[in-house]
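Visitor: Quick note on the working numbering: the sequence shown kicks off at 2 and runs consecutively. Cβ coordinates follow ideal geometry from the N, Cα and C atoms, glycine included.
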Amino acid sequence: MSCSLRPVGRAHRAQLERLTRATGLFREDEVATAVELLDASLAGGDDYRFIGAFDDGAEHTLAGYACWGPTPGTTGTCDLYWIAVDPARQGRGVGTQLVREVERRLMVERCRLVVVETSSRADYAPTRRFYERRGYTRAATIPGYYAPGDDLVIYTKDLTDGELARATS
Ligand SMILES: CC(C)(COP(=O)(O)OP(=O)(O)OC[C@H]1O[C@@H](n2cnc3c(N)ncnc32)[C@H](O)[C@@H]1OP(=O)(O)O)[C@@H](O)C(=O)NCCC(=O)NCCS
Numbered sequence: 002m003s004c005s006l007r008p009v010g011r012a013h014r015a016q017l018e019r020l021t022r023a024t025g026l027f028r029e030d031e032v033a034t035a036v037e038l039l040d041a042s043l044a045g046g047d048d049y050r051f052i053g054a055f056d057d058g059a060e061h062t063l064a065g066y067a068c069w070g071p072t073p074g075t076t077g078t079c080d081l082y083w084i085a086v087d088p089a090r091q092g093r094g095v096g097t098q099l100v101r102e103v104e105r106r107l108m109v110e111r112c113r114l115v116v117v118e119t120s121s122r123a124d125y126a127p128t129r130r131f132y133e134r135r136g137y138t139r140a141a142t143i144p145g146y147y148a149p150g151d152d153l154v155i156y157t158k159d160l161t162d163g164e165l166a167r168a169t170s
């Protein structure tokens, strides 16, 4: 069952915090960062943009969300900063729906390149598989970036239908 994609409002702040924590993957300071980014976006800033996936039942529950924004100092590069789906709703297409919508919006805005940062930890293996199966390419690894044995893994996706690869080859 697909969700409705709508902006994440002030009324969903507590749900977003709970959902982020419930994934079990993020440290408390990372949960706080997700909420801070939402606050920055609700305050009218354009650096962080949010889209929520909502269950269409009576509760209009937040099932997942994504946060992205233009990468400072670049032309047409964007970071997908955050994506999280309620564990009870994972594996049913909500994350795919969110990523597709973010990419659609980025293409409208003429973004060329999407960058995603994630971890090499074993508990992030389903997350890495998620990105890889949605066309993201492992572009770089920084060993020990997050902690000893916990590497930064950077994925990218070319939104220009190969134009980027042709320009750099
Ligand atoms: C990664 C995440 C956003 C994917 O959302 P989702 O709604 O579960 O994903 P979908 O149902 O659209 O897609 C399922 C795919 O994701 C992968 N996947 C990742 N986590 C999964 C989970 N817990 N259950 C099932 N599939 C999962 C599977 O490999 C599956 O691949 P396939 O359909 O190609 O076989 C979500 O699982 C999540 O919130 N994970 C925890 C938070 C996280 O890792 N965020 C990214 C931080 S960098």
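Which residues does DSSP pair with Tyr66 in a beta bridge?
Guide: Answer is Gly53, Ala85, bridged to Tyr66.
Visitor: Go through its chain and collect everything with a Cβ distance to Tyr125's Cβ below 6 Å, but skip five positions before and after it.
Guide: Excluding positions up to five away in sequence, the list reads Thr119.
Visitor: Quick one: grab the DSSP three-state call for Gly145.
Guide: Residue state, collapsed to three classes: strand.
Visitor: Once you ignore the five residues that flank Ala67 on each side, which residues in its own chain have a CB closer than 6 Å to its CB?
Guide: Within the same chain, Ala67 has close Cβ partners Ile52, Ile84, Leu99, Val103.
Visitor: So, are the CB atoms of Leu63 and His13 less than 7 Å apart?
Guide: Yes. Within cutoff.
Visitor: My output table needs one value for Arg130: the three-state DSSP class, helix, strand or coil.
Guide: Of the three classes helix, strand and coil, the one that applies to Arg130 here is helix, per DSSP.
Visitor: Tell me, which residues are paired with Cys79 by DSSP?
Guide: The partner list for Cys79 (beta bridge, DSSP) reads Pro71, Val115.
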